[in-house]
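Heads up, the thing below is written out as C-alpha cells.
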Amino acid sequence: MTETVRIIAFLGIACFCGILPLGFAAILFFTSRKRGQVGSAVGAARKTTVAALKPGAGLARLQGRIAPSANAIDGSAENALVYLRLKVEVYESDSDSSGWKGLTDKARNIPFQLDDGSGTVWVNPDGLDKQLLGEGVVPNDDQVQAACILLGISPNILRGRLRFQLWEFRSGQTVSVVGAASRGQNGLGIVRVQGQPFVVSPLLGPVLEGKISTQSKLARTWMLVLGIPGALMLLCGLGGALISLISVLLNR
C-alpha cells in the first residue's frame, strides 16, 4: 500500500509540477516564434512614402499623421477619434487563486487617411496588432464613461475592484503603419492581408522593432523559466514512479 501511494505521489508530481509548466512553456514557445516572425516581417517591410506606394509590392512601412476627418467616432474633424479600445480587468479573490482577470476588451475604429507630406492614403485599422498599441493610458472616470457609451459597454458589468486601460488614435497623431497597399473604391489604401503582420502603432522608428524584439525575448525567457524546471520535475516524477513500481514487482 505504501509503494502504491508513493507511485501515485510521484505521478502527481510529474503531472502538476512537470506537465503543466511544460504546457505553458509550449504556448510561450509558439508566442515567441510568432513575435519573431512579426519582427522579421516588419524589419523586411519596404520603407516608403505615400507617393511611392504600389499595390502588390509586398509589405510597405509608412510613418505620418492622421488627417482630420469629418466622419469620426467622436470629436471635431481636427480632433477626430478614429480608433478606440477599452480593456477592463476585475480583481477576483478565491481559495484557489487571486489576481486580475479580463472582464471585457472592446475596440471600435473607422478608416482614416494617413498624411506623410508626400500625399495621403487610406488606412483601415481592422485587424491591427493589438500588442503593438503601446501601454495605453489609465483613464479617469469621465473617459471611462465616454468610452463605454461609444463602445456599447453596459455600465451594469462594471462592478467590483476594476482597472482600465484606454487606447486612442486621433487626428494629428503620428503613427507607424505596416501593411499591404491595395486599390479599392476610395482609392489607394493600406490593409491587412491574411497571414501577414498589420501594424498601426504610436511606436515610431526603431522603437517599433525594439518592442517586438522585447516581446519575443520575454516570451522566450519565460519559456525557459517554466520549461527547464518542468522537464526536470517530469523526469523526477516519472523516474520515482518507475523505481517504486519496479520495487513493488521485485518484492512480490
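Using my numbering, the letters of the sequence shown correspond one by one to residues 29 to 280. Every residue gets a Cβ at the ideal spot worked out from N, C-alpha and C, and that includes glycine.
Annotation for Ala108: Pro96, Ser97, Ala100, Arg198 and Ser199 place their beta carbon closer than 7 Å to its own, counting only its chain and skipping 5 residues before and after.
By the C-beta density criterion, Val149 is buried, having at least 16 other C-beta atoms within 10 angstroms.
The C-alpha of Tyr111 lies about 5 Å from the C-alpha of Glu196. Residue range Asp169 to Leu179 is occupied by the alpha helix (DSSP H) that includes Gln173.
With a cutoff of 8 Å on beta-carbon distance, Pro167 and Val228 are scored as not near each other. Cβ-Cβ distances below 6 Å link Gly103 to Leu109 in the same chain, with the five nearest sequence neighbours on each side left out; the list follows chain order. Two segments are said to touch when three or more pairs of C-beta atoms, one from each, lie closer than 8 Å; by this definition the segment 206 to 223 touches the segment 85 to 94.
Ranked by Cα distance from Lys239, the options Pro83, Glu163 and Ile177 are led by Glu163. Looking at the DSSP output, Leu112 shares a beta bridge with Arg136 and Glu196. DSSP, read as helix, strand or coil, puts Thr77 in coil.
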